[in-house]
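Going by the working numbering, the residue at position 58 of the sequence shown is 520; the numbering climbs one at a time, nothing skipped. Cβ coordinates follow ideal geometry from the N, Cα and C atoms, glycine included. The structure under discussion appears below in the form of structure tokens.
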Amino acid sequence: MKKDDLDYVIEALQKRDEILIKDKSIRQYNKYFDIMRKYARELIDDGRQAELLPLLDSDNISYRSDAAGLLFHCYPEKCTQVLKVISEMSVETGLPKYYINLSISAIMALEHGIPKDFP
Numbered sequence: 463m464k465k466d467d468l469d470y471v472i473e474a475l476q477k478r479d480e481i482l483i484k485d486k487s488i489r490q491y492n493k494y495f496d497i498m499r500k501y502a503r504e505l506i507d508d509g510r511q512a513e514l515l516p517l518l519d520s521d522n523i524s525y526r527s528d529a530a531g532l533l534f535h536c537y538p539e540k541c542t543q544v545l546k547v548i549s550e551m552s553v554e555t556g557l558p559k560y561y562i563n564l565s566i567s568a569i570m571a572l573e574h575g576i577p578k579d580f581p
């Protein structure tokens with residue numbers, strides 16, 4: 463059975479999360495970023511962005527963070543809310559240490575915005 467664009471996005475999210483948890487290379491992390499972005503763009507161009515919405519409510523912080531970036535221009539209010547919550551997380555409040563960069567990225571996204579052509 464051929465994989466769907468959504469399958470590729472989910473697979474890339476899983477790989478990115480695994481890379482964070484296992485402290486693997488940034489190069490690998492960025493490789494899956496490109497894959498995730500490519501297939502999310504396909505979904506959005508096909509009007510299927512709503513299929514990614516459940517990721518914004520995921521228990522997995524990494525999935526929520528990535529989904530908020532991918533869907534920001536489709537659902538700005540919801541994604542801003544998700545990014546705000548992530549930006550307020552810290553190791554002191556229970557954020558796993560391997561996710562600290564997600565909090566920093568959320569702060570930066572809120573301060574500087576997400577490029578108009580993203581994903």
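Buried or exposed for residue i, please, with buried defined as at least 16 other CB atoms from any protein chain shown within 10 angstroms of its CB.
{"i": "Ser565", "result": "buried"}
{"i": "Gly556", "result": "exposed"}
{"i": "Ser487", "result": "exposed"}
{"i": "Ala512", "result": "exposed"}
{"i": "Leu514", "result": "buried"}
{"i": "Gly531", "result": "buried"}
{"i": "Val544", "result": "buried"}
{"i": "Ile483", "result": "exposed"}
Using 8 Å as the threshold, is the C-beta distance between residue i and residue j below it?
{"i": "Asp528", "j": "Met498", "result": "yes"}
{"i": "Ser524", "j": "Arg489", "result": "no"}
{"i": "Lys546", "j": "Leu517", "result": "no"}
{"i": "Pro558", "j": "Ile506", "result": "no"}
{"i": "Ile576", "j": "His535", "result": "yes"}
{"i": "Asp485", "j": "Tyr560", "result": "yes"}
Between which residues of its own chain and residue i is the CB-CB distance below 7 Å, once the five residues before and five after are set aside?
{"i": "Ser549", "result": "Ser565, Ala568, Ile569, Leu572"}
{"i": "Lys540", "result": "Leu518"}
Cutting at 6 Å between CB atoms, please list the residues of its own chain near residue i, excluding the five before and the five after it.
{"i": "Lys460", "result": "Past the boundaries of the shown model lies residue 460; the chain is included only from 463 to 581, so the question cannot be answered."}
{"i": "Tyr494", "result": "Ala474, Lys477, Arg478"}
Inset, instruction - Assess, as a yes-or-no matter, whether the region 494 to 504 is touched by the region 465 to 479 under the definition of 3 or more beta carbon pairs within less than 8 Å. - result: Contact between the region 465 to 479 and the region 494 to 504 is present, because at least three Cβ pairs lie under 8 Å.
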